[in-house]
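Okay, structure first, notes after.
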Amino acid sequence: MQNKGLIRLFAIVFGLVCIYQLGFTYLANKTETAAKEFAISKAGDNADERDRQERIYLDSVGKLPIYAGITYNEAKEKELNKGLDLKGGINVILQISVRDILGGLANGKRDPKFIAALDAADEAQKDSQNTYLDDFLTAFDAQGGDKKLADPDIFSNVVLGDKIRKANIPNAEVAEVLREEVKETIQSAFETLRNRIDKFGVTQPNIQSLGDNGRILVELPGAKDIQRAVEFVTAKAQLEFYETHYAGDALQYLFSVNQALAAKVKKDEVEETEVVQDSTENTDNVVDELLKDVEEDEEEEVAQNNPLFDVFEPNQIALNPQYRQISTIGYAAVKDTAKINAYLRTPEIVRLRPANLRFAKFTWGDVETLEQGTGDDITEVERVTLYALESNRSGAPYMSGDVVNDARQQYTQQQKPAVGLDFEGQGVSQWAKMTRTVAQKGNAIAIVLDNTVQSAATAGKEIKGGSTEISGNFTVQSAQDLATVLNAGKLPASADVIEAEEIGATLGKEAINSGVISFVIALLLVLIWMVFYYGKAGLFADIALIVNILFIFGVLASLGAVLTLPGIAGIVLTIGMSVDANVLIFERIKEELRKGKSQKDAIKDGFNNALSSILDANITTFLTALILFLFGTGPVQGFATTLMIGIATSLFSAIFITRLFIDNYGKNGKSLAFATGMTKNLFTNTKIDFLGKRKVAYIISLGLVAVGVFSLVTGGLNAGVDFVGGRSYTVRFEKAISSTEVGELLASDAVFGSAIVKTYGADNQLKITTKYKIQESGIEVDEAVEKKLFGALKDYFPANLSFEDFSRSFEGKTVGKMSYNKVGPTIADDIKRGALLAVVGSLIVVFLYILLRFRRWQFSLGAVTAVFHDVLLVLGIFAIFKNIMPFDMEVDQNFIAAILTVIGYSLNDTVVVFDRIREYIKEHGSTRGFGKLINQALNSTLSRTLNTSVTTLIVLLAIFFLGADSIRGLMFALIVGVIVGTYSSLFIATPVMFDTVQKKALKEEKKEEESEEA
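In this text, residue positions in the sequence shown follow the numbering used here: the first is 3, and each later residue adds one.
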C-alpha cells in the first residue's frame, strides 16, 4: 500500500478531531450530572422544584470555564445532539393556513366564487398532493364565469397595491403574484416562529421548513409540557384593543333573541306535528304522546321557552340601570359556546340587532374553572365570559398589536402575574385618546388576543404614558410565554398542528440505558467473534472497528447531526457491515495463501481483489440509505444519516486502518494465518450444487410468498398512525393490566367508539391508538381527547393522580402518559406516498446501478427479483404474526426504514456473489460451463456470506432483546430481512440471473461431462 505515512497521519488527525468534538459532549454531560445532583439535594422528590433548581444551577455556571477555557454554554452548543426518543421532548409539524393568507390578500372580501374555491381547495387537500394554492386556482377556474382573480371584489385591492392594478389581468399572471406572496408570508411565519422558539427555554431547538406547502417542523428537546409548547408555537398573537358596549344594552338585545328563538322552536314543533298528523292514522294518540313527553321533561320545556338562557347565564348586575355600562354581559359553559355562537350568527337573529349594536362583535373571554357543589359532590366547570366589542364596519379594532414596542411579565397590584405593554409611535396617542373616551363613557377597554378577551378594564382618566397591562388567569410561566410571543410578533396566518409527538423524560432515559447496553453487548460479541474466527487478524479488524465507531460519533458531533434511537440502530447495524468488508478482505487473502503465494503478495492481492466487491456492496447500500434520507422524516432520517456516515467511515477503516496494522505486523517477517485452529479449514472445499437445488428453492419461495400475500390481502398489516392518522398514547400503570379489558372500555361509545390497545413492552404498559376526533384540529381538541382518556382510565391509577400529573412529563415518572403521537389524515397520506416513492425509487436506482456495473440486464433482474422476494416475505411475516408476537408489529416509518435496509443488505450479499461470477467469467473468457462457474462462485463466497450474516445477526439480536420497545419491531424486520436476504442471494438472485442468461447451460454442461466420462 502506497502513501502509508500520509494515511497514518490522516487517521491520527481525524481521530484527534473526533475526540475533540466528542469532548464537548463529555463536558456538557458532566456539568448536567452535577446539576441533577444539586437539584436532588435541594428539592428531593419534588419534580417541578427539581427542574427549577437544575435550571438555576445551569444558568449560574453557564458562562464559567469548565475545562481549558470552555464554558458549559459553549460545550452545550457543540455537543452531540440527542433526539427526542433519547432525551424526551416535543416534536410538532405545523401547517400554516394558506387559506388565511389568501383571505388576507383578498382584503377580507366575501365574494361567493372566491369562498367556494377556498372550500373546494379545503376538500381537495384531504387527498391531494398539490399545494393548497394550486388546488385553489384549479377550483376557481373550474367554476367558470366571467369573474377573474383580479376582480376588485377579490385580489385587485389595496393589500396587493401595484402588483395587481387592472381587473382584466389574466388569472395566470395573478397566480404568479399569489405564489410569491404566499411564499413570502410562509417565510415570515417561519422567522416569527424561530424568534419565539429561541426564547422558549430549551437547548438545541430545531425548526425547519418542509417543502413549499406551508409545513414547518418544530423540535423542542427536553420540553415537558406539550400543551404549553403547542400554545406557544401556534398562538397567532393577534393583539387588538376594543371599546366594550354597555352590557345592559347588549342584554336587552339578547332577551329579544331568546324570544325570537323560542317562537322559532314553537313554530318548528307545530310544523313537525302537522307532518306527523298527516302521516299517522291515530293523530290524537300521537299528539297526546308528544304533550306527555314535554310534561315529563321539565328541562326540555325550559329549553323550549328559553333556548338562549338555557345555556347562557345573564349578568344580573347589568340589568340594573345604574350599572348598565359595565362590560360583562354574562357567562356560559365552554361546551355551550358553539351553540350560542350559532344562535347569534343566524341571519334572522342578526337582523334584530338595534342600531347601536349593529357592528358589535360578541366575543368570549378566557376560560376560568369554577367549583360547584359541596362535599364529595364538588365538580369543576369551565366557563367563559361574553363581551360585546365596538368595531367599525369592517370589524377592525380601535388599536392593533402593531403599536406594541415591548411586552414583559410583571405583577398586578394584587401581586398576580400579568403582562405589561409599552406602545410606540402613534400607539401612544391612540392609547391616550382611547382611555380618555372610556373614562368619559364609563365602559371598558377589552384587550383581545387571538379573538379571546384577556382582560376588560375601565379607565378613570386619560393615560398618557403609552403603557398598560394584560391581566387574567395567568401563571408566571404563561405570562412570560405571552410576553415572548408578543415581542416576537404575530403570525401572519393561523398554524394548526397536523402531526405531534411527545416523548416523556422517563422513556428517554430508559431508551438511552437500553441503547447503550445493547450497543456495548453487540460490540463485544462481534469483537469476540472476529478474534475467534480470524485470530490476530481479527484483533486488527476489531481495532479498526473501534476506530470506525469513534469516527462515526465524531462526524455526527461535528456535523451537528441528531442521534436518535433508530440512529443507534443504524450505527450498530454499521458494525455488522463494517465487519463485512474485513471478512471479504480476509477471505480473499486466505484464498491467495492457499494458492501458494507469499504472505506479502497474498495480502496485497487479497486487498486488491476484494476492493471491487466491497465498493459495489457498500455503494448499493449507501444508495438505499440516501433514498431513505431524502424521503424519510425525523428518526428515519437519523437512521439513514448514521447508516451513510457509517458506510463511508467503515470503508476507510477496513481498507486503510486494517491494512496499516496488518502490514506493520508482517514487515518483520511475522506470520499471520488469518484463521484459528478451529476455523482454518471451514468452508474451504465446499461443492454444493446451488443451481441444482434452485427448482426446490423456487417452490419453497413461491409457497412462502403465496402464504404471505394471501395474509396481506385477507388480513392486511397493522398500520400505524404514521400511515392512517390518529392519536397514539403510551400509558404506564402501577401493575400489570389487561389490554383486552382496557380496549373494550375505550372502544365503547361512551369513550372513543373505537380504539386499539396492545401491551407495549412490560405488562404494565399499554399502547393506545384511536382515530377519535382526528379530523378536528386545535389545542382544545387534543386536550379534550386526553382528558377523556384519563377519565376512562382513572380507576386504574392511584387515587391521588391528577390529570396534570398524568399528562405532564418529568424524569422518574412511574405512571401516566409516557409518550404521545398524533398524525393528521392529510400528512398520513403524504407519509404513505413518500414511503412508496422511497421503496420504488430504491429499486429503480439499484437496478440501474447493477446494470451499469455488470453490463447485463439479467444481473439487474436477478437482484431486483431477490429484493422483491425478500420484501414480500418480510411483509407477509408481519401480516401473519401481527397479532401473535408479544411485541408491537406496527407498520410505520421505522418499518419502511427496515424494508429499505433489507433491500440494501440483500443487494450487498447479491452483489458480492455477482462480482465473483464476473471475475470467473473474465478468467475463463466465455460463459461456457456457466453453471459450473456459478456454483464455484457461490461456494467460494459462502464463508463470507455466512460470516457476515452471523455477525450482523449477533448485532441485531442484541438490540432486539436488550433495546427499547419502540424499535423492537424494526429489529425483528431486520432480523427476518438478513435471514431471507442471505437465502435469496444464494437461491433466488443467482439462479434467476442464470436462467435468463443461458437456459441451456446446465444441459450442455451435463452432455460434456458424460462424453468425458465415456
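Ideal Cβ placement from N, Cα and C applies to all residues, glycine included. All values reported here derive from a predicted model rather than from experimental measurement.
- Beyond the five residues adjoining it in sequence on each side, proline 316 comes within less than 6 Å, by CB distance, of Leu253 and Gly332 in the same chain, given in chain order.
- A direct Cα-Cα distance of roughly 10 Å separates arginine 946 from leucine 940.
- A residue is called buried when at least 16 other Cβ atoms come within 10 angstroms of its Cβ; arginine 360 does not meet this threshold and is exposed.
- Residues Met973, Leu976 and Ile977 of the same chain have their beta carbon placed closer than 6 Å to that of leucine 958, with the five preceding and five following residues left out of the count.
- Between leucine 29 and tyrosine 69, the CB-CB gap stays under 7 Å.
- With respect to the 7 Å criterion, serine 844 and isoleucine 898 are not classified as neighbours on the basis of their beta carbons.
- Rounded to whole angstroms, the separation of the alpha carbons of valine 204 and lysine 511 is 17 Å.
- Your pair threonine 867 and serine 987 does not check out as a contact, with CB atoms roughly 11 Å apart and the cut at 8 Å.
- Per DSSP, methionine 820 is one residue of the beta strand (DSSP E) stretching across 818-825.
- Proline 114 and alanine 390 have their C-alpha atoms some 28 Å from each other.
- The continuous beta strand (DSSP E) containing threonine 772 extends over residues 767-772.
- A direct Cα-Cα distance of roughly 46 Å separates threonine 992 from valine 94.
- For a cut-off of 8 Å, the C-beta gap from valine 528 to threonine 953 is around 5 Å, short enough to register as a contact.
- When DSSP assignments are scanned along the segment 421-484, the uninterrupted stretches of alpha helix (DSSP H) that are 4 or more residues long and fall wholly within it turn out to be 428-443.
- Considering only Ile690, Leu748 and Lys819, the residue with the shortest C-alpha distance to phenylalanine 989 is Ile690.
- Distance check between alanine 563 and each of Glu471, Asn208 and Gly965 places Asn208 closest, using alpha-carbon atoms only.
- Beta-bridge pairing by DSSP links phenylalanine 364 to Ala390.
- With at least 16 other beta carbons inside 10 angstroms of its own, isoleucine 936 counts as buried.
- With a minimum length of 3 residues, the unbroken runs of beta strand (DSSP E) contained wholly in the segment 163-242 fall at 208-212 and 217-223.
- Under the three-state reduction of DSSP, valine 313 is assigned to coil, being neither helix nor strand.
- Under the DSSP assignment, tyrosine 325 falls outside any beta strand (DSSP E); it carries neither an H nor an E label.
- Contact annotation: threonine 660 and alanine 543 have beta-carbon atoms nearer than 7 Å.
- A Cβ-Cβ contact shorter than 7 Å links isoleucine 188 with glycine 216.
- About 4 Å separates the Cβ atoms of valine 336 and glutamate 384, confirming a contact at the 8 Å cut-off.
- For leucine 877, the closest alpha carbon among the candidates Ser862, Ala865, Phe861 and Asp894 is that of Asp894.
- DSSP places leucine 96 within a strand segment (E or B) once states are collapsed to three.
- Separation of the CB atoms of glutamate 471 and glycine 422 is rounded to 5 Å, and the pair is thereby assigned contact status at 8 Å.
- Residue state for serine 740 is assigned as coil, using DSSP reduced to three classes.
- A buried status is given to glutamate 56, since no fewer than 16 other beta-carbon atoms sit within 10 Å of its beta-carbon.
- Secondary structure note for valine 893: it is in no alpha helix (DSSP H), with a DSSP letter that is neither H nor E.
- Here proline 67 is exposed, its C-beta having fewer than 16 other C-beta atoms within 10 Å.
- Counting only the Cα atoms, valine 581 lies some 16 Å from phenylalanine 624.
- Per DSSP, the unbroken beta strand (DSSP E) holding glutamate 503 starts and ends at 497-505.
- Counting along the chain, no alpha helix (DSSP H) covers serine 673, and no H or E run does either.
- Taking 8 Å as the upper bound for CB-CB distance, glycine 462 and alanine 495 are not in contact here, some 39 Å apart.
- Inter-residue distance for lysine 592 and tryptophan 531 is about 18 Å (C-alpha atoms, whole angstroms).
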